Ligand SMILES: Nc1ncnc2c1ncn2[C@@H]1O[C@H](COP(=O)(O)OP(=O)(O)OP(=O)(O)O)[C@@H](O)[C@H]1O
Ligand SMILES: [Mg+2]
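Chains as they are written, first to last, in my numbering: chain A, 134 to 429; chain B, 45 to 289.
Listed below in structure tokens is the structure:
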């Protein structure tokens, strides 16, 4: 059994290097496909994370008139809270708003606001949405309130959510079709690589069958050769990913400071695992397809 | 080769077992050619049988049916107790290990040495390394190629190439060897060498079936002759000649 495995391994290795140009070309194709897939998966995951973050943050700020009567403010608050798409409403006084701003300013080390004499910030109602999709509707309702003595301005950010949602949708549709195409191309390249390998050894295969070698004995070296193409392709893709991850992640988080993109340690592991597993499977499937058509 | 000798002694008994049986076998190729019609033939263990007949008579077809390179259209073929026509694909390798095959064109692998060509037959059927070495050495000794073991086929004469192919056919110790015009590409003297080698292998106990056009050899050997004409057996004669006596 061990001897058989050694034999298969040696044959597959020889087969891989018998036609190095073809083998390396198909390895590169596999690596390219895996890189592109990984890119889509990472981008998708990043957008998902930021979308969740944004959705949890979606708030409607109603800036309040300094002279508004507390009872009117309370009435408005109650009215908004009764809307089923609203999670809760928080009243932020002028003082609280200033304290918050000071905290943020201290943290980011920007302009010191310690000695602002008068408080320019308005009091506000912060509306936390339960259903982010309804933000727009509520915002336009609130805009009708502007100028009636309580609400002076309505600030919302659903346009960001809309954009992220659109990007996610486009990316998944585009990603899936590109991936499907890549999968097809990769399979095609592997099938042809192995077919050439089988063709180069057709005399040997004929003799093997003549002297009574089993089909699986004939087939396994080619399947392992396909798997080798997969493993090499996956290794290249993973190396490129590992090398490019720190700078790319740095650039992304520098760019999007507001969104804390944290994929978690399991994500990298799962990604590496699926890249490798996927490569193995596609290599083996490609080899089985090409050997099947040859072994009659 | 001690097992071969033992089998030989046993097979010289009065009622030898038939290792090859054809019962009303017909073969029609997919293109419609009727290559064999109702052929019946029994070959006892240890026999030496010549298949003769004009070109297209069906000699190679019989050999291809025995090795299950082709399946019969009708009738029953038995090789060493196995119903060849009914074999599923996964059982064909088992049959092939019982049949050493020799061809006119040798079918050696050019990138392998004499030794490697012979050892290959054992390696790909899963024999352990030390057994491969031992049995390959014995087979090369038997065909007289021990000194040529590290030569490549293109460094050998036709006769040496055919002896390499015979060693490969023998090395798995099959009870039967079938040869399709093994001397077809060889000069008369070399042909005789090959026939004498095959004859010796037969004397060691291996059943031998050989298709040939070589009248001189068939006439001189005085072995069993099965003559085919248009896909039918027209003569089956012990100690026969190429033509009707
Ligand atoms: N694969 C095939 N497909 C169709 N017809 C075939 C095939 N092989 C052989 N035949 C036909 O079957 C008949 C018997 O052929 P076969 O090869 O058995 O003859 P043979 O006795 O071996 O002849 P030769 O002495 O020339 O080798 C011939 O008519 C041949 O043309
Ligand atoms: Mg023929």
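Heads up, the beta-carbon is just placed ideally off N, CA and C, and yes, glycines get one too. Here the structure is a predicted model, which is why all the values come from computation and not from measurement.
For residue 283 of chain A and residue 223 of chain A, I'd like the C-alpha separation in whole angstroms.
Position 150 of the first chain, counted from the first residue, corresponds to residue 283 of chain A. Position 90 of the first chain, counted from the first residue, corresponds to residue 223 of chain A. The alpha-carbon separation between residue 283 of chain A and residue 223 of chain A amounts to approximately 15 Å.
Taking all protein chains shown into account, do 16 or more other C-beta atoms lie within 10 angstroms of the C-beta of residue 49 of chain B, making it buried, or fewer, making it exposed?
As a working note, residue 49 of chain B is residue 5 in the second chain. Residue confidence for residue 49 of chain B is low, a pLDDT of 45 falling below 50, so the modelled location carries little weight; the figure read from the coordinates is stated next. Exposed, by the Cβ-count rule.
Which residue's Cα is closest to the Cα of residue 421 of chain A: A:185, A:337, A:327?
Counting from one through the first chain, the residue named residue 421 of chain A turns up at place 288. That would be A:327, whose Cα lies nearest to the Cα of residue 421 of chain A.
Could you list the residues in the region 140 to 157 of chain A with a C-beta less than 8 Å from some C-beta on chain B, going in chain order?
140
Would you say the beta carbon of residue 99 of chain B is closer than 7 Å to some non-hydrogen atom of ligand 1?
In the second chain, residue 99 of chain B corresponds to position 55, counting from 1. Set against 7 Å, the gap from the CB of residue 99 of chain B to the closest heavy atom of ligand 1 is smaller.
Just to confirm, is the Cβ distance from residue 162 of chain B to residue 211 of chain B under 8 Å?
The sequence position of residue 162 of chain B within the second chain is 118, counting from 1. The sequence position of residue 211 of chain B within the second chain is 167, counting from 1. The Cβ atoms of residue 162 of chain B and residue 211 of chain B lie closer than 8 Å to each other.
So residue 165 of chain B and residue 215 of chain B are supposed to be a Cβ contact under 8 Å. How far apart are they, rounded?
Position 121 of the second chain, counted from the first residue, corresponds to residue 165 of chain B. Position 171 of the second chain, counted from the first residue, corresponds to residue 215 of chain B. Indeed they touch by this definition, with Cβ atoms about 5 Å apart.
Using only the alpha-carbon positions, how far apart do residue 237 of chain A and residue 212 of chain A sit?
The residue given as residue 237 of chain A occupies position 104 in the first chain. The residue given as residue 212 of chain A occupies position 79 in the first chain. Spanning the two alpha carbons is a distance of roughly 31 Å.
Hey, how far is the Cα of residue 277 of chain B from the Cα of residue 269 of chain B?
Here residue 277 of chain B refers to the residue found at position 233 when the second chain is read from its first residue. Here residue 269 of chain B refers to the residue found at position 225 when the second chain is read from its first residue. Approximately 10 Å, taken between the alpha carbons.
Could you tell me the distance, in whole angstroms, from the CA atom of residue 416 of chain A to the CA atom of residue 179 of chain B?
The residue given as residue 416 of chain A occupies position 283 in the first chain. The residue given as residue 179 of chain B occupies position 135 in the second chain. Their Cα atoms are separated by approximately 37 Å.
What residues in the region 321 to 346 of chain A bring their beta carbon closer than 9 Å to a beta carbon of chain B?
336, 337, 339, 340, 341, 342, 343, 344, 345, 346
List the DSSP bridge partners of residue 194 of chain A.
The residue you call residue 194 of chain A lines up with position 61 of the first chain. For residue 194 of chain A, the pairing in a beta bridge is given by DSSP as A:259, A:288.
Give a single yes or no on whether residue 333 of chain A has its beta carbon closer than 7 Å to a heavy atom of ligand 1.
By 1-based counting over the first chain, the position of residue 333 of chain A is 200. Not under cutoff, so the answer is no.
List, in order along the chain, the chain B residues whose C-beta lies closer than 7 Å to that of residue 438 of chain A?
Any question about residue 438 of chain A goes unanswered here, given that chain A covers just 134 to 429.
Ligand 2 and residue 223 of chain B: does the residue's C-beta get closer than 7 Å to at least one heavy atom of that ligand?
Along the second chain, read from residue 1 onward, the residue named residue 223 of chain B stands at position 179. In this structure, residue 223 of chain B has its CB at a distance of at least 7 Å from all heavy atoms of ligand 2.
Would DSSP call residue 232 of chain B helix, strand or coil?
Taking the second chain and counting its residues from 1, one reaches residue 232 of chain B at position 188. It is helical.
Of all the residues that make up the region 141 to 153 of chain B, which are near chain A by a beta-carbon distance shorter than 7 Å?
Of all residues in the region 141 to 153 of chain B, 141, 145, 151, 153 have a Cβ within less than 7 Å of some Cβ in chain A.
At 9 Å on the CB atoms, spell out the chain B contacts of residue 137 of chain A, in chain order.
For this step, residue 137 of chain A is matched to residue 4 along the first chain. By Cβ distance, chain B contributes 170.
Can you pull the chain A residues whose beta carbon is under 8 Å from the beta carbon of residue 173 of chain B, in chain order?
In the second chain, the residue the question calls residue 173 of chain B occupies position 129. Residues of chain A passing the Cβ test: 136.
Could you list which residues in chain A have their beta carbon closer than 7 Å to that of residue 137 of chain B, in chain order?
On the second chain, residue 137 of chain B is found 93 positions in, with the first residue counted as 1. Going along chain A in sequence order, the residues near residue 137 of chain B (Cβ under 7 Å) are 345, 346, 347.
Given a threshold of 16 other Cβ atoms within 10 Å of its Cβ, counted over all protein chains shown, does residue 110 of chain B qualify as buried or as exposed?
If you number the second chain from 1, residue 110 of chain B lands on position 66. With 16 or more Cβ atoms within 10 Å of its Cβ, residue 110 of chain B is classed as buried.
Alpha carbon to alpha carbon, how far is residue 132 of chain B from residue 101 of chain B?
Counted from its first residue, the second chain places residue 132 of chain B at position 88. Counted from its first residue, the second chain places residue 101 of chain B at position 57. Answer to the nearest angstrom: the Cα atoms are 28 Å apart.
If you measure between the beta carbons of residue 238 of chain B and residue 230 of chain B, is that distance less than 8 Å?
The sequence position of residue 238 of chain B within the second chain is 194, counting from 1. The sequence position of residue 230 of chain B within the second chain is 186, counting from 1. Going by C-beta atoms, residue 238 of chain B is nearer than 8 Å to residue 230 of chain B.
Say yes only if the C-beta of residue 151 of chain B is nearer than 7 Å to one or more non-hydrogen atoms of ligand 2, and no if none qualify.
Here residue 151 of chain B refers to the residue found at position 107 when the second chain is read from its first residue. No, Cβ of residue 151 of chain B sits at least 7 Å from all heavy atoms of ligand 2.
Got a sec? Which residues, its chain only, sit under 8 Å from residue 68 of chain B by beta carbon, not counting five neighbours each side?
The sequence position of residue 68 of chain B within the second chain is 24, counting from 1. Taken in chain order, the residues that qualify are 82, 83, 84, 118, 119, 120.
Could one say the Cβ of residue 125 of chain B lies closer than 8 Å to chain E's Cβ atoms, at least one of them?
Structure shown: chain E not included; protein chains present are A and B.
Can you tell me where the alpha helix (DSSP H) with residue 137 of chain B in it begins and where it stops?
Along the second chain, read from residue 1 onward, the residue named residue 137 of chain B stands at position 93. Segment 136 to 140, the alpha helix (DSSP H) holding residue 137 of chain B.
Going along chain A in order, which residues have a C-beta closer than 7 Å to the C-beta of residue 165 of chain B?
Within the second chain, numbered from 1, the residue matching residue 165 of chain B stands at position 121. Those are 344, listed as they occur along chain A.
Using CA coordinates, which residue listed in A:366, A:149, A:162, A:219 is at the minimum distance from residue 322 of chain A?
As a working mapping, residue 322 of chain A is identified with position 189 in the first chain. With distances taken between Cα atoms, residue 322 of chain A lies closest to A:162.
Measuring from the CB of residue 103 of chain B, is there a heavy atom of ligand 2 at a distance below 7 Å?
Here residue 103 of chain B corresponds to residue number 59 of the second chain, with the count starting at 1. Checking every heavy atom of ligand 2 against the Cβ of residue 103 of chain B, one is found closer than 7 Å.
Taking 8 Å as the CB-CB limit, is residue 202 of chain B close to chain A?
The count along the second chain starts at 1 and reaches residue 202 of chain B at position 158. No, its Cβ sits nowhere closer than 8 Å to a Cβ of chain A.
Beta-carbon of residue 216 of chain B versus every beta-carbon of chain A: anything under 8 Å?
Taking the second chain and counting its residues from 1, one reaches residue 216 of chain B at position 172. Closer than 8 Å to some Cβ of chain A, the Cβ of residue 216 of chain B qualifies, so yes.
For residue 94 of chain B, which residues does DSSP report across the bridge?
Stepping through the second chain from its first residue, residue 94 of chain B is reached at position 50. Beta-bridge pairing links residue 94 of chain B to B:254, B:269.
Can you look up residue 346 of chain A in the DSSP assignment and give me helix, strand or coil?
For the purposes of this step, residue 346 of chain A is taken as residue 213 along the first chain, with counting starting at 1. In this structure, residue 346 of chain A counts as coil in the three-state DSSP scheme.
Pull up the distance between the alpha-carbon of residue 221 of chain B and that of residue 259 of chain B, whole angstroms please.
Taking the first residue of the second chain as 1, we reach residue 221 of chain B at position 177. Taking the first residue of the second chain as 1, we reach residue 259 of chain B at position 215. Rounded to whole angstroms, residue 221 of chain B to residue 259 of chain B spans 21 Å at the Cα level.
Taking just the CA atoms, how far does residue 234 of chain B sit from residue 288 of chain B?
Residue numbering aside, residue 288 of chain B sits at position 244 when the second chain is read from its first letter. Residue numbering aside, residue 234 of chain B sits at position 190 when the second chain is read from its first letter. So the alpha carbons of these two residues sit roughly 27 Å apart.
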